[in-house]
Amino acid sequence: MTQLDETLDEKTTPRPDTAKCRQILNGAREVFLSHGYDGASMDQIARTAGVSKGTLYVYFPGKEALFRELILKDRMKQAEALLDCAAGEGNLHDSLTKIGRVFIEQMFNAERLSTIRMVIGAIEKFPEFGVLLYDAGPKKGMETFSRFLEKYVESGELTCPDTELAACQFMDLCSSRIGKRAMFHPGQLPDQDEVNANVESAVRMFLAAYGTDKSKP
125 MTQLDETLDE KTTPRPDTAK CRQILNGARE VFLSHGYDGA SMDQIARTAG
175 VSKGTLYVYF PGKEALFREL ILKDRMKQAE ALLDCAAGEG NLHDSLTKIG
225 RVFIEQMFNA ERLSTIRMVI GAIEKFPEFG VLLYDAGPKK GMETFSRFLE
275 KYVESGELTC PDTELAACQF MDLCSSRIGK RAMFHPGQLP DQDEVNANVE
325 SAVRMFLAAY GTDKSKP
């Protein structure tokens, strides 16, 4: 078994969030963004993070583990944000609006997009990184959101037969136009007016397709 295999066999949850761990991860992110996965070295990461190599290896056995941790930290934040919204109270229209706005704000910011680009750059050599990116973030978020929608199907406010598909459709509607532009044009992030307009349109279309009279605000 390779070091990467051993790393991927560990629990798919991030390490405890300590100041030293954040310091190392911030340095690693800077190096990976500047040099790509293949061009990065543990020496560079230690220098950039301002720690000794000995300290670096105490926390992470190699750059595979560092890269994995960056993926999990970033993508778990997205899933947790959706979970917080799903736990909130309010009518369906308002809850969808809140979830849509948080999704856009969490997903389409410079740090998240940088992580996605880093993973895409390494995915041909290490497809496992793509699996981690998807499973720890989008998949977990969609499962959480799907469970949220199921409650409204049971109450008769929604009629979607496949709540996971409906969850994906709603997020795609929220990111229409914004997503690809933000991905391929660094710095072209949506402003609040555009986010609000996108989400409002997404909620309206979603409820027109799946809503019932009970879901009207």
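Following the working numbering, the numbering of the sequence shown begins with 125 at its first residue and continues without gaps.
C-beta atoms are modelled at their ideal positions from N, C-alpha and C, and glycine is treated no differently.
Values in this document were obtained by computation on a predicted structure and should not be read as measured data.
Determine the extent of the alpha helix (DSSP H) in which residue i is found, giving its start and end residues.
{"i": "G303", "result": "302-308"}
{"i": "L237", "result": "234-246"}
{"i": "D162", "result": "143-163"}
{"i": "L313", "result": "Where L313 is concerned, there is no enclosing alpha helix (DSSP H), given that its DSSP letter is neither H nor E."}
{"i": "V255", "result": "251-258"}
{"i": "F184", "result": "First-last for F184: undefined, no H or E at that position."}
To the nearest angstrom, how far is the alpha carbon of residue i from that of residue j?
{"i": "D133", "j": "E252", "result": "With a pLDDT of only 44 at D133, under 50, the local geometry of the prediction cannot be trusted, and the value read off the model is given with reservation. Distance between the alpha carbons of D133 and E252 is about 11 Å."}
{"i": "E193", "j": "F184", "result": "9 Å"}
{"i": "M329", "j": "A210", "result": "20 Å"}
{"i": "L128", "j": "E188", "result": "Confidence at L128 is low in this model, with a pLDDT of 46, below 50, so the placement of that residue is unreliable and no value is reported for it."}
{"i": "G311", "j": "G224", "result": "21 Å"}
{"i": "T283", "j": "Q293", "result": "14 Å"}
{"i": "A321", "j": "L190", "result": "38 Å"}
{"i": "K177", "j": "I195", "result": "22 Å"}
{"i": "L273", "j": "A234", "result": "29 Å"}
Measuring CA to CA, which of the options is closest to residue i?
{"i": "L85", "options": "T221, I195, E318, E193", "result": "Because the chain spans 125 through 341 in this model, residue 85 falls outside it and cannot be assessed."}
{"i": "V327", "options": "M295, A164, Q312, A143", "result": "M295"}
{"i": "P314", "options": "E324, I302, V323", "result": "I302"}
{"i": "N215", "options": "M231, Y276, Y258", "result": "Y276"}
{"i": "F269", "options": "D259, K249, V255, A291", "result": "A291"}
{"i": "T287", "options": "R271, S279, A246, I247", "result": "R271"}
{"i": "E248", "options": "K263, Q202, I228, D162", "result": "D162"}
{"i": "Y181", "options": "K340, K144, H217, G245", "result": "K144"}
{"i": "L289", "options": "S339, M266, H309, K304", "result": "M266"}
Give me whichever residues DSSP pairs with residue i in a beta bridge.
{"i": "G335", "result": "L282"}
Less than 7 Å between the CB of residue i and some heavy atom of the ligand ATP, yes or no?
{"i": "A333", "result": "Looking for the ligand ATP in the displayed structure turns up nothing, as the structure carries no ligands at all."}
Determine, using beta carbons only, whether residue i and residue j come nearer to each other than 8 Å.
{"i": "G186", "j": "I169", "result": "no"}
{"i": "L157", "j": "R199", "result": "no"}
{"i": "I228", "j": "C298", "result": "yes"}
{"i": "Q147", "j": "A173", "result": "yes"}
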